[in-house]
């Protein structure tokens, strides 16, 4: 859910490549377990790929997935020209221990079986 008014949209129109990084330091996990936020034990995942608008067949899933978690976003001003986008993942790095990142292929990521 992105607004055309955001400055980075102009950059993505010229070059759609982007990287998204998330860490357990964004949660209470690392603090609870006494891990320094910079420690590899406070796991990081780095997703890289291209950003594209979702197509019509993906729109219902995108809206449902976002609005079930953030219902107030349904009422944000339409004058901001919001649109739904996705990251088409081409590479994944997981840093969760010493010795460098683990490389996960997009195929492995999308085909994981949760037990």
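Numbering (the working numbering), first residue to last: 30 to 144.
Ideal placement from N, C-alpha and C gives every residue a C-beta, glycine not left out.
DSSP three-state label for residue i, please.
i	result
residue 108	helix
residue 73	strand
residue 139	helix
residue 94	helix
residue 6	Residue 6 lies beyond the range of the chain shown here (30 to 144); nothing can be said about it.
When the Cα atoms are used, what is the spatial distance from residue i to residue j?
i	j	result
residue 108	residue 130	42 Å
residue 112	residue 82	7 Å
residue 126	residue 74	12 Å
residue 123	residue 132	7 Å
residue 67	residue 52	10 Å
Could you check how far apart the C-beta atoms of residue i and residue j are, in whole angstroms? I think they sit under 8 Å.
i	j	result
residue 54	residue 116	21 Å between Cβ atoms; not a contact.
Considering only the alpha carbon of each residue, which of the options lies closest to residue i?
i	options	result
residue 56	139, 138, 42 and 71	71
residue 118	134, 103 and 110	134
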